[in-house]
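Under mature numbering (1 follows the signal peptide of the UniProt record, and there is no 0), residues -24 to -1, 1 to 147 are what the sequence shown spells out, in order.
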Amino acid sequence: MSRNKTAVAVGASAAVFVAGGAFAGVAVQPYLMDQAAVDTKLVIARTAADAITTLWTYTPDDMDKLPDRSAKYLSGDFEDQYRKYVDAIVPTNKQAKVTNSTEVVGAAVESLTGSEATAIVYTNTTSKSPLTKDIPATKYLSYRVQLTRDGSHWLVTKMTTVTSLDLTPKL
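What follows is the structure, given as structure tokens:
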């Protein structure tokens, strides 16, 4: 009889252990899914911020290389539009010796659905040129950046300006 009680006790302990493990698995799964979503959103926000910084930071010496530098962040029609835009402004900006510097001051994911995401990026952009006696033109801009996943990378497919505030001193 003693063996029987021991077997029942071992069986009951095993059942409690298995049930506890199953409960822990069920309880942890939503946390892991939430953590994966947070990690993905961080990657999206960083990618959007890095893309904006790369797209709008240049000097007269490296502006003509801007489309190639930016290509790793862009995709589809937007990549083509950006390349055409830069190609159109390079001669004028090089001649005027324009230096543009963009600092991202905030970025957040607005939406994430499968392989599509939208991020909002807030920036301070400063431009200067000898033609304006190197007095910096400062703008506060925010962008809505649409991205799509391509393998393990997020690429910008569309970008629209949400706000634009010119903070350049008027002399």
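Think of the CB as a built atom: it goes at the ideal place given N, C-alpha and C, for glycine as much as any other residue. All of these numbers come straight from a predicted model, not from anything done at the bench.
| Asked | Found |
| --- | --- |
| Give me the Cα-Cα distance between P43 and I28, rounded to the nearest whole angstrom. | 12 Å |
| Where are the beta strand (DSSP E) runs, 3 residues long or more, that stay fully inside the stretch 61 to 119, in chain order? | 75 to 89 and 92 to 104 |
| Using a Cβ distance threshold of 8 Å, determine whether the stretch 102 to 110 contacts the stretch 54 to 73, with at least three qualifying pairs required. | yes |
| Where P145 and A113 are concerned, what is the direct C-alpha to C-alpha distance, given to the nearest angstrom? | 8 Å |
| Return helix, strand or coil for S128, following the three-state DSSP convention. | coil |
| State the Cα-Cα distance for the pair S128 and T(-19), rounded to the nearest angstrom. | 53 Å |
| Using a threshold of 8 Å, state whether the C-beta atoms of L123 and A93 are closer than that. | yes |
| Quick check on S46: does DSSP put it in helix, strand or coil? | helix |
| Spatial neighbours of K115 within its chain, please: C-beta separation below 7 Å, excluding the five flanking residues on both sides. | T101, S140, L141, D142 and L143 |
| Would you check if there are 3 or more beta carbon pairs closer than 8 Å linking the stretch 62 to 71 to the stretch 82 to 92? | no |
| Counting C-beta neighbours from all protein chains within 10 Å, is the total for I20 16 or more, i.e. buried, or is it exposed? | buried |
| Tell me whether V138 is buried or exposed, calling it buried when 16 or more other Cβ atoms sit within 10 Å of its Cβ. | exposed |
| Which same chain residues end up closer than 6 Å to E79 when comparing Cβ atoms and leaving out the 5 residues on each side of it in sequence? | N100 |
| For V97 versus A25, is the C-beta distance shorter than 8 Å? | yes |
| Go through its chain and collect everything with a Cβ distance to T136's Cβ below 8 Å, but skip five positions before and after it. | Y119 and R120 |
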